[in-house]
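>
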Amino acid sequence: MSIRAVVTDIEGTTSSISFVKEVLFPYAAQALPDFLARHWQDEAVQVQIRALAAETGVPVADATTANELLQQWIREDRKATPLKALQGMIWKRGYEEGAYRAHMYPEVADQLRRWHDAGIALYVYSSGSVAAQKLFFGYSEMGDLTPLFTGYFDTTTGPKQSADSYRKIAEEIGIPAELILFLSDISAELDAAREAGLHTTLLDRDGSAPPCEHPRVNDFTAIRLLG
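Per our numbering, residue 957 is the first one in the sequence shown, and the count goes up by one each step.
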């Protein structure tokens, strides 16, 4: 049987972790107080503020309180949906103003195009919000790659280290799990995907990943889809 869909992580897989840690996160952290103050009444922002209050158990009645909680989450690198959604809103401005372009490992775009042209459905599953994912691939160093992707998944689907999340992804894609390949640089995510029946491949970009039971490659050109 051949792989009919590829689901890829972003950080450490298609793109460097340093771009996210050293460019996107600091940009959002610096812009967050002003963004919350200016857009506090926006319904899209208030949806995330209500989610923030529900998750923390803390009443969030003003932008200052929200900023304090969210800045703490940033320092903790929390993979929480309210934070990721708000970061995505802020990053949108940065992309549109040309403050940065999303890093992409040099072989990724061409390989994604080859798979797409071969009829392989491409999806993203990242802890960043779907909106942030679309911005990432839409404003990449390699141009707008969003036409290559059929769909996107984030933490609203579930934790990336839970097998149930991958079962949900397979169900939504509508392709049997055994015909889907998941790519990541995190063994625990690959473990969960394999438990759900997906094929897996570890991206070990610098050759330093600890031993694991998953196939490993250094870049996308070494990935072999079953045939």
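Glycine included, C-beta positions come from ideal geometry on N, C-alpha and C.
As the structure is a computational prediction, the values presented were derived from the model and not from experiment.
Thinking C-alpha only, which one of Asp-965, Glu-1097, Gly-1163 and Gly-1084 is nearest Thr-1037?
Among Asp-965, Glu-1097, Gly-1163 and Gly-1084, the Cα nearest to that of Thr-1037 belongs to Gly-1084.
> Just curious, the beta strand (DSSP E) that Gly-1084 is in, first and last residue?
That residue, Gly-1084, is in no beta strand (DSSP E); it is neither H nor E in DSSP.
> Does Ala-1077 pass the burial test, meaning 16 or more other C-beta atoms within 10 Å, or should it be called exposed?
Looking at its Cβ environment, which holds 16 or more other Cβ atoms inside 10 Å, Ala-1077 is buried.
> Keeping to the same chain, check which residues put their C-beta closer than 6 angstroms to that of Arg-1150; ignore five residues upstream and five downstream.
Closer than 6 angstroms at the Cβ level, and outside the excluded window around Arg-1150, lie Thr-1156.
> Please state the DSSP three-state secondary structure of Tyr-1122.
Correct three-state label for Tyr-1122: helix.
> With distances taken from CA atoms, which of Val-1003, Ala-1000, Leu-1154 and Thr-1113 is nearest Pro-1132?
For the residues Val-1003, Ala-1000, Leu-1154 and Thr-1113, the minimum Cα distance to Pro-1132 belongs to Leu-1154.
> At the level of alpha carbons, what is the spacing between Leu-988 and Trp-996?
If I take the Cα positions, the gap works out to 11 angstroms.
> Report the rounded CA-to-CA distance for Arg-1069 versus Phe-1105, giving the unit in angstroms.
So the alpha carbons of these two residues sit roughly 10 angstroms apart.
> Quick one: using the 10 Å Cβ neighbour count with 16 as the cut-off for buried, is Ser-1164 buried or exposed?
Under this definition Ser-1164 is an exposed residue.
> Using only the alpha-carbon positions, how far apart do Ala-1007 and Leu-980 sit?
Using only the alpha carbons, I get a separation of about 22 angstroms.
> Please list, in chain order, all residues of the same chain as Arg-960 whose beta carbon is under 6 angstroms from its beta carbon, the five residues on each side excluded.
Counting only Cβ-Cβ distances below 6 angstroms, and skipping sequence neighbours, we find Ile-1131 and Leu-1135.
> Excluding the five sequence neighbours on either side, which residues of its own chain have a C-beta within less than 6 angstroms of the C-beta of Tyr-1081, listed in chain order?
Counting only Cβ-Cβ distances below 6 angstroms, and skipping sequence neighbours, we find Val-963 and Phe-1109.
> Could you check how far apart the C-beta atoms of Trp-1047 and Ala-984 are, in whole angstroms? I think they sit under 8 angstroms.
So it is a contact: roughly 6 angstroms between Cβ atoms.
> Just tell me which of Ala-1144, Arg-1161 and Ser-972 has its CA closest to the CA of Arg-1057.
Checked all of Ala-1144, Arg-1161 and Ser-972; the closest Cα to Arg-1057 is Ser-972.
> Please state if the CB of Asp-1100 and the CB of Gly-1107 are separated by a distance shorter than 8 angstroms.
Not in contact: Gly-1107 and Asp-1100 (Cβ atoms no closer than 8 angstroms).
> Between which two residues does the alpha helix (DSSP H) carrying Leu-1135 extend?
Leu-1135 -> no alpha helix (DSSP H), and no H or E assigned at all.
> Below 6 angstroms CB to CB, which residues in the same chain sit around Arg-1172 once its five sequence neighbours on both sides are set aside?
Correct list, in chain order: Leu-1158 and Asp-1160.
> For the alpha helix (DSSP H) containing Thr-1156, name the first residue and the last one.
First-last for Thr-1156: 1155-1159, but that is the beta strand (DSSP E), not the alpha helix (DSSP H).
> State the start and end residues of the unbroken beta strand (DSSP E) segment that holds Ala-961.
Here the beta strand (DSSP E) through Ala-961 covers 961-964.
> Assuming contact is defined by CB atoms lying nearer than 8 angstroms, are Lys-1116 and Glu-1145 in contact in what I supplied?
Yes.
> Ignoring anything shorter than 3 residues, give me the beta strand (DSSP E) runs that lie fully in the region 959-1015, in order along the chain.
Counting whole runs of 3 or more residues, the region 959-1015 contains the beta strand (DSSP E) stretches 961-964.
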